[in-house]
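Colleague: Dumping the structure here so I can ask a few things about it.
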Amino acid sequence: MKMKSMMLLGCLAVFILSGIGVAQTDVAAERMQWFKDAKFGMFIHFGVHNKSEFNPDFDAGEWARVAKAGGMKYVVLTTKHHVGFCLWDSALTDWNVVDQTPYKCDIVKDLAAGCKAEGIEMGCYYSIADYHHPLYEPKYQNRPHLRTGTVPGADITKYIDFMFGQLEELCELYHPCLIWFDGGSGFSNPAYKPLLRRQELVDMLHSYGTISNSRLGDDDALKYVDYLSMNDNMAPSINLGVYYESAVCMGKSWNYRDNDTVKSPKVLLEQLVSIAGNGGNYLLNVGPDQNGLIPKEMQAGLKTMGDWLKKNGEAIYGTEAGPYRYEINWGSITQRKGKDSTSLYLNVVDWPNDGKFTLFGVNNPVLKAYLLATGEAIKSESKFNASSGQNIIALEVPKDAPDEYVSVIKLVVAGTVSMDPAHMQLNDGKVIMDAYNATIHDAEYVPGKPTKAIDMKMFTVPDRRPLQPSNYTGSWDYQMYKKPGEGIMPGRAITVSGFQTKGQALSWDFKIYKHGTYEVVLNCSGVGRQNRGVEGRLRAHVAGQSVENRLNFYNPGEARLGTVQIDAPGTHTLTLEVTSDFNNAPRYRSVMLVPVTQDK
0 MKMKSMMLLG CLAVFILSGI GVAQTDVAAE RMQWFKDAKF GMFIHFGVHN
50 KSEFNPDFDA GEWARVAKAG GMKYVVLTTK HHVGFCLWDS ALTDWNVVDQ
100 TPYKCDIVKD LAAGCKAEGI EMGCYYSIAD YHHPLYEPKY QNRPHLRTGT
150 VPGADITKYI DFMFGQLEEL CELYHPCLIW FDGGSGFSNP AYKPLLRRQE
200 LVDMLHSYGT ISNSRLGDDD ALKYVDYLSM NDNMAPSINL GVYYESAVCM
250 GKSWNYRDND TVKSPKVLLE QLVSIAGNGG NYLLNVGPDQ NGLIPKEMQA
300 GLKTMGDWLK KNGEAIYGTE AGPYRYEINW GSITQRKGKD STSLYLNVVD
350 WPNDGKFTLF GVNNPVLKAY LLATGEAIKS ESKFNASSGQ NIIALEVPKD
400 APDEYVSVIK LVVAGTVSMD PAHMQLNDGK VIMDAYNATI HDAEYVPGKP
450 TKAIDMKMFT VPDRRPLQPS NYTGSWDYQM YKKPGEGIMP GRAITVSGFQ
500 TKGQALSWDF KIYKHGTYEV VLNCSGVGRQ NRGVEGRLRA HVAGQSVENR
550 LNFYNPGEAR LGTVQIDAPG THTLTLEVTS DFNNAPRYRS VMLVPVTQDK
């Protein structure tokens, strides 16, 4: 059996790790900077469905060519998914594509060669969970229904040794830019996490210049790994303050599906600019068929993205998150810092048809403004508005959008950007205040608890489970468990939960430029039961007024409390208070002030 080779690799790992410190090696730090600059990658979900018949006539290098044409800088392949079947010629197990199929070819090796030929990088998806390996104990599986029963001879400690050996094998043979961990939810219990030996594992990967993601034991706080992986198909609408990657299906399935519904180029490009603007990478998934062919509809969409990036890639590659860290409904901002100036890229999805574009809160002088794709100059005027206490940049833009999908305005300003830190009015007059950045006012004081959800660093909470007192490992250590009496907490998909008890409140400071009448609108998720008579009520206080109501859902996920009159521009505070208990409160994403009438 090939598994006996594991002992040799394990000894090698101990030898290598003995000379490595806890901190990243220089080469790993350089790799992380490359990753931040790359911005756009291809995720490939591919596996063998029938071992005895798998013998396609395909070139894995074609995947790299399609990725390159789409403007992608790296490819991540499912080298070992949950069933444990390996797409490379592993020395540690016969359960692989070379030993078990007529194909007899090392797919990972061929893809690595193809990526090298195209000048892009390759990463390896690796599932911690393994449904096939005899050493894997059921209670650590990533699916609850698989966690029952016993497997004679199973030993999770020995399986982790095997995993270490395979990961080192991948690094030795193929030099991946990253390891994309998955399937580790069976280790969510704090008592199980040490089994993964996370520091030791990450140090080993860093010794090869390989970085890794946060699905290695729910490491959202990045205590060990290099970057955050969002939940599947999820992209935050705000800057989380940590570098992240959003893995998103191009269709509706991770794997190949006949007649799949593929996202339009407009949706894909909107997602790309939004993710880049909020400080992340976009990992776009394709599912080749059993012949290794990426569907033509997906290839066409990727080609459109690649063509857009040829004209506008300056606004994406090598940029940083924009200076406004909250939600922007017209698109996104990315930035590139120079020695004496900063380039701001306004990636406009919702182009104004009146030829007027307004940017609030940037305090730097504007040196020049133009359309990135064509170089056409744009007239700009910058002035301080004393009544609202903010700088306003007014741009005169063409009435017709220059690009079919996303139009980019390049704004060059003097020095490093100075941006007003408040939530501000956007180009259409709305003010969007996200719940993750709200100040939390619990009904009872909770010692040591951060006052904002964003500071708790729990970004990928699936469903927070009750934690028994015997399992406490310390206060506010960012576990994905619900503690008794913890009050308002982060919820799934960058929301807040637990906001349901009388006396609790959330508050925001914001700046407004135009006074007038505004509707208070709540964006919520998990609200299906709210339409069936839940008695909870909320009250919004702003500008000396209050409006109180039940959650009235006129649109899915959108509840209206009522209207308020804001008579003066400037800085205001909105406080949202629970006035009667909810039985099943929704998860809150944001509160909006939507203009009904405004001062001209």
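Using numbering that gives the first Met the number 0, the first residue of the sequence shown is number 0, and each one after it goes up by one.
Where is the CB? At the ideal position from N, CA and C, for every residue including glycine.
Since S406 contacts I392 with CB under 8 Å, what's their CB separation in whole angstroms?
Modeller: Contact doesn't hold; Cβ gap of about 17 Å is too wide.
Colleague: Counting Cβ pairs closer than 8 Å, one from the segment 502-511 and one from the segment 562-575, do we hit at least three?
Modeller: Yes, they touch.
Colleague: Under 8 Å between the Cβ atoms of I155 and Y130?
Modeller: Against a cut-off of 8 Å, the Cβ pair of Y130 and I155 comes out as no contact.
Colleague: So the beta strand (DSSP E) W62 belongs to, where does it begin and stop?
Modeller: Unbroken run through W62 is the alpha helix (DSSP H), G60 to A68; no beta strand (DSSP E).
Colleague: Contact check, T373 vs P401 under 8 Å by CB: the rounded distance?
Modeller: Confirmed, Cβ separation roughly 7 Å.
Colleague: DSSP puts T333 in a beta bridge; with which residues?
Modeller: A320 and Y344, per the DSSP bridge assignment.
Colleague: Which residues bound the beta strand (DSSP E) around I377?
Modeller: Element bounds for I377: n/a, residue is neither H nor E.
Colleague: Determine the closest residue to W179 out of N363, D231 and P193, with distance taken between C-alpha atoms.
Modeller: When only C-alpha atoms are compared, the closest one is D231.
Colleague: Do you know whose CA, among H540, E485, N188 and F458, lies nearest V241's CA?
Modeller: With distances taken between Cα atoms, V241 lies closest to F458.
Colleague: What separation, rounded to the nearest whole angstrom, lies between the Cα atoms of L394 and F383?
Modeller: The straight-line gap from Cα to Cα measures roughly 15 Å.
Colleague: Let me know the secondary structure DSSP gives P116 once reduced to three states.
Modeller: The sequence given here places Ala at residue 116; Pro does not occur at that position. Correct three-state label for A116: helix.
Colleague: Which one of G83, K336, N328 and N280 has the shortest CA to CA distance from L358?
Modeller: Comparing Cα-Cα distances from L358 to each of G83, K336, N328 and N280, the minimum goes to N328.
Colleague: Considering only the alpha carbon of each residue, which of G428, A153, N141 and K336 lies closest to F356?
Modeller: Considering only alpha carbons, the answer is G428.
Colleague: Below 8 Å on the Cβ atoms is my contact criterion, and I expect L91 with G164 to pass it. Report the Cβ-Cβ distance as a whole number of Å.
Modeller: About 5 Å; that satisfies the 8 Å criterion.
Colleague: Can you give me the Cβ contacts of Y223 inside the same chain, cut-off strictly under 6 Å, excluding the 5 residues immediately before and after it?
Modeller: Excluding sequence neighbours, Y223 sits near R197, Q198 and V201.
Colleague: Would a C-beta distance cut-off of 8 Å place D419 and Q389 closer than the cut-off?
Modeller: Contact flag set, yes.
Colleague: Could I get the ranges of all uninterrupted beta strand (DSSP E) runs contained in the segment 565-590, with 3 residues as the minimum, in chain order?
Modeller: Entirely contained in the segment 565-590, the beta strand (DSSP E) runs reaching 3 residues are, in chain order, 569-579.
Colleague: Tell me, please, whether the segment 300-320 touches the segment 81-100 by the rule of three or more beta-carbon pairs shorter than 8 Å.
Modeller: No, the segment 300-320 does not touch the segment 81-100.
Colleague: Pick out whichever of R549, V150, P133 and M71 has its Cα sitting closest to the Cα of G118.
Modeller: Considering only alpha carbons, the answer is M71.
Colleague: Using the rule of at least 16 other Cβ atoms within 10 Å of the residue's Cβ for burial, across every protein chain shown, is T333 buried or exposed?
Modeller: By the 10 Å Cβ count, T333 comes out buried.
Colleague: Using three-state DSSP, classify A246 as helix, strand or coil.
Modeller: The answer is strand: DSSP assigns A246 an E or B state.
Colleague: Could you tell me if Y553 is buried or exposed, where buried requires 16 or more neighbouring beta carbons within 10 angstroms of its beta carbon?
Modeller: With fewer than 16 other Cβ atoms within 10 Å, it is exposed.
Colleague: Distance check for V247 and N277, CA to CA, integer angstroms please.
Modeller: Computed Cα separation, rounded: 16 Å.
Colleague: For F498, which residues of its own chain have a beta-carbon under 7 Å away from its beta-carbon, when the five flanking residues on both sides are left out?
Modeller: I487, L505, V577, A584 and Y587, listed in sequence order.
Colleague: Measuring CA to CA, which of S184, H540 and T149 is closest to L592?
Modeller: For the residues S184, H540 and T149, the minimum Cα distance to L592 belongs to H540.
Colleague: DSSP three-state call for A314: helix, strand or coil?
Modeller: A314: helix per DSSP, three-state reduction.
Colleague: Residues in its own chain within less than 7 Å of S126 by CB, not counting five upstream and five downstream?
Modeller: Closer than 7 Å at Cβ, skipping near neighbours: K79, H80, H81, D181 and G182.
Colleague: Return the first residue and the last residue of the beta strand (DSSP E) that L282 is part of.
Modeller: G279 to V285 is the span of the beta strand (DSSP E), which, as asked, contains L282.
Colleague: So for Q467, helix, strand or coil by DSSP?
Modeller: Unreliable placement is indicated for Q467, whose pLDDT of 49 sits below 50; the coordinate value is still reported in the next sentence. Here Q467 sits in coil by DSSP.
Colleague: In whole angstroms, what is the alpha-carbon distance linking E168 and S187?
Modeller: Distance between the alpha carbons of E168 and S187 is about 26 Å.
Colleague: What residues are listed by DSSP as bridge partners for H422?
Modeller: Per DSSP, F509.
Colleague: Given that a residue counts as buried once 16 or more other Cβ atoms are within 10 Å of its Cβ, and exposed if not, what is A385?
Modeller: Under this definition A385 is an exposed residue.
Colleague: Could you tell me the boundaries of the beta strand (DSSP E) in which A539 lies?
Modeller: Residues R536 to V541.
Colleague: Strictly by DSSP, which residues pair up with V26?
Modeller: V26 pairs with nothing; no bridge assigned.
Colleague: Can you tell me whether D217 is helix, strand or coil according to DSSP?
Modeller: In this structure, D217 counts as coil in the three-state DSSP scheme.
Colleague: Once the 5 residues before and after M423 are set aside, which same chain residues still bring their CB inside 6 Å of it?
Modeller: Excluding sequence neighbours, M423 sits near F359, G360 and K510.
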